[in-house]
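Visitor: Residue numbers (our numbering): 7 to 685. Structure provided below as structure tokens; questions to follow.
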């Protein structure tokens with residue numbers, strides 16, 4: 007932090023020294039800086055507000071005419087700030103927009119999230135969030151440079167909580183931001199992490215991306231493309247290569263820097279090398295390998311050892327001829343439609359699953375995917391929920407057992423007290439009767455006998471009441487034992503979940519339930535199981551999404567060789583082949599969720615590799631069969647004809663179709679090694 011403050015102070019001094027003397031910055035320059043930290047309906051982010059404040063100070067020190075700092079904007083305030091920035095950009099030469107906060111991609115469209123956004127489903131984004139296209143278009147009026155800097159690729163909680171309600175070709179909800187190609191020239195869009203990956207918020211006062219910007223962007227005279235190359239290297243180093251910034255778009259020729267270069271060119275150090283920064287710029291442009299890149303390098307570093315090397319690189323490129331096609335400068339083409347990746351399709355299938363095994367399988371298949379983090383969080387949540395259910399069940403069992411033991415003790419004590427009272431009553435009645443008989447004359451003895459009979463009747467009645475109480479206590483104990491057994495059965499069903507026969511078993515159990523206190527628990531569990539079953543059956547059979555998922559699995563199992571396009575017609579032959587091998591009916595095959603789940607269970611090739619006639623299997627591929635070449639005969643022509651008549655022609659042997667089972671080699675696609683710094 008102290009180093010960063012010292013660097014900022016030094017940078018401010020340099021700004022003041024160079025701003026007044028360089029004529030290039032007589033142009034109008036404006037900036038809008040937004041930092042959203044205090045989210046109301048999502049986890050708060052500690053760094054965006056601090057990042058925005060420091061970035062705003064950096065642009066003010068760089069001499070920008072207008073720097074508008076906005077922190078914790080709601081939806082309305084965010085749109086008003088963009089509208090104000092748009093009006094200023096129409097009159098400016100340079101327009102810069104920096105945003106730090108939550109961002110999300112839905113169906114190929116990127117959105118920035120205000121602090122008051124309520125994103126319960128994908129239908130809410132157009133009303134509650136701000137599209138990235140809206141930000142980019144707000145800067146289009148600037149004449150010289152349009153720069154959008156986005157530190158919004160953090161691991162976003164909305165990606166796992168939002169419901170997908172809109173139907174369409176691809177409405178996947180993803181963390182991070184998707185790739186975007188600016189349609190206007192002289193426009194750069196800098197991402198904190200490349201498309202499809204997430205950025206770290208950081209544990210210090212600033213995120214790794216903001217820290218690198220504060221260090222590299224205000225270097226006097228450093229071209230903005232080289233500056234973002236340094237930002238990329240610094241972030242990779244700070245995050246141990248977990249996060250790689252990326253820049254989309256391009257600029258024309260000439261040197262474009264945030265801070266003007268000093269009036270006198272910088273001299274090389276004593277050993278002829280211009281320092282680590284120059285070497286890093288040289289290595290960055292060397293990876294790109296274009297003439298324009300070397301010209302940008304020389305615009306920043308015009309003298310010194312690396313400048314001489316850059317001139318040599320340009321001379322080498324000139325010798326290749328004007329018609330040479332360089333790998334780093336592909337012809338401009340409209341960006342292709344974004345096909346959902348295999349991992350995105352698989353994540354859409356398992357993201358709401360309550361089966362930890364399915365989520366773990368996703369992690370095993372895509373261990374390097376950012377979505378694997380979401381899968382692990384889902385597993386952790388399921389594990390915690392299961393543990394909480396087990397602890398609650400154990401507590402319930404302990405409470406039930408304690409209550410039953412207490413009730414049994416009370417019943418035993420009551421029975422013992424009743425028996426003792428009954429015995430004492432009988433003894434008292436007998437003693438009184440005997441005493442009365444002995445003392446009273448005949449008439450009185452008869453009266454005493456009647457009273458004794460009455461006493462015996464009362465004692466009998468009391469004994470009957472005690473017996474009834476014992477029977478009632480026995481019935482209560484039996485009911486409590488039945489509740490305990492049914493509680494154990496219910497716990498096992500809840501632990502098993504609603505998948506498979508879980509829902510039917512719970513329904514059958516509810517019809518035979520006799521324990522009244524468990525009925526509310528069973529009703530709540532039935533509602534939850536029904537909801538989970540409805541979610542699993544929400545995707546219709548033969549839907550485009552299910553067919554594409556089945557095609558991806560059939561390719562992995564060696565049964566399908568086409569392109570996964572989501573059409574059932576192109577899949578039926580491969581699907582029939584798989585069903586035939588598995589011994590299942592092949593007439594009118596239907597793609598269901600259960601079928602896709604069954605396909606994912608296979609870990610090795612199912613459909614054997616078949617070679618054409620005239621080919622043999624070699625390793626995991628078919629190659630042409632080679633026949634040995636016969637040596638030329640040295641016999642005379644007459645002898646050869648005679649031997650040919652004696653020999654009988656051998657019957658032709660049919661060529662056996664070569665088959666082998668092997669796991670297909672899946673080669674992932676990707677772009678070349680071009681560094682996205684806008685050359």
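We put the beta carbon where it would ideally sit given N, CA and C, even for glycine.
1) From which residue to which residue does the beta strand (DSSP E) around residue 193 run?
2) In terms of alpha-carbon separation, which member of 463, 479, 563, 350 lies closest to residue 609?
3) With DSSP run on the structure shown, which of helix, strand or coil describes residue 72?
4) Buried or exposed for residue 317, going by 16 or more other Cβ atoms inside 10 Å?
5) Would you give the residue range spanned by the beta strand (DSSP E) that residue 252 belongs to?
6) Helix, strand or coil for residue 590 per DSSP?
7) Measure the beta-carbon distance from residue 552 to residue 597 and round it to whole angstroms, keeping in mind my assumption that it falls under 8 Å.
8) Would you tell me roughly how many angstroms separate the C-alpha atoms of residue 58 and residue 107, rounded to the nearest one?
9) Nearest CA to the CA of residue 167: which residue from 380, 369, 347, 139?
10) By DSSP, does residue 94 sit in helix, in strand, or in coil?
11) Residue 117 by DSSP, collapsed to three states: which one?
12) Go to residue 231, then tell me how far its alpha helix (DSSP H) extends in each direction, as first and last residue.
13) Out of 245, 248, 265, 221, which has the shortest C-alpha to C-alpha gap to residue 227?
14) Which same chain residues end up closer than 6 Å to residue 364 when comparing Cβ atoms and leaving out the 5 residues on each side of it in sequence?
15) Roughly how many angstroms lie between the CA atoms of residue 503 and residue 535, to the nearest whole one?
16) So, helix, strand or coil for residue 613, using DSSP?
17) Touch check for the segment 487-494 and the segment 507-524: three-plus C-beta pairs under 8 Å?
18) Provide the residue(s) that pair with residue 223 in DSSP beta bridges, ordered along the chain.
19) How would you label residue 444, buried or exposed, when you count the other beta carbons within 10 angstroms and need 16 or more for buried?
20) Taking residue 192 as the reference, which of 430, 147, 429 has the closest Cα?
21) What is the residue span of the alpha helix (DSSP H) that residue 605 lies within?
22) In the DSSP assignment, the alpha helix (DSSP H) including residue 352 goes from what residue to what residue?
23) What first and last residue would you give for the beta strand (DSSP E) that runs through residue 106?
24) On the DSSP letters alone, give me the boundaries of the beta strand (DSSP E) that residue 156 sits inside.
25) Assign residue 46 to one of two classes, buried (16 or more other C-beta atoms within 10 Å of its C-beta) or exposed (fewer than that).
26) Within this structure, are the beta carbons of residue 237 and residue 251 separated by less than 8 Å?
27) Which of helix, strand or coil does DSSP assign to residue 569?
28) Mind checking whether residue 102 and residue 109 have CB atoms under 8 Å apart?
29) Need the endpoints of the alpha helix (DSSP H) that residue 59 sits in, please.
30) Secondary structure at residue 628, three-state DSSP: helix, strand or coil?
31) Could you pull the DSSP bridge partners for residue 38 from this structure?
32) To which residues of the same chain is residue 475 closer than 8 Å at the C-beta, ignoring the five residues directly before and after it?
33) Return the residue from the list 604, 349, 607, 580 that minimises the CA-CA distance to residue 594.
34) Candidates 623, 99, 195: which alpha carbon is nearest residue 142's?
35) Over the uninterrupted beta strand (DSSP E) stretch that includes residue 109, give me the two end residues.
36) When the distance is taken between beta carbons, is residue 99 closer than 8 Å to residue 686?
Guide: Put simply:
1) 193-197
2) 563
3) strand
4) exposed
5) 252-256
6) coil
7) 5 Å
8) 10 Å
9) 380
10) helix
11) strand
12) 230-244
13) 265
14) 356
15) 7 Å
16) coil
17) yes
18) According to DSSP, residue 223 bridges with nothing at all.
19) exposed
20) 147
21) 599-606
22) 348-356
23) 100-106
24) 151-157
25) exposed
26) yes
27) coil
28) no
29) 54-67
30) strand
31) 74, 103
32) 420, 421, 424
33) 580
34) 195
35) 109-112
36) With the chain represented from 7 up to 685, any question about residue 686 goes unanswered, as that position is not in the structure.
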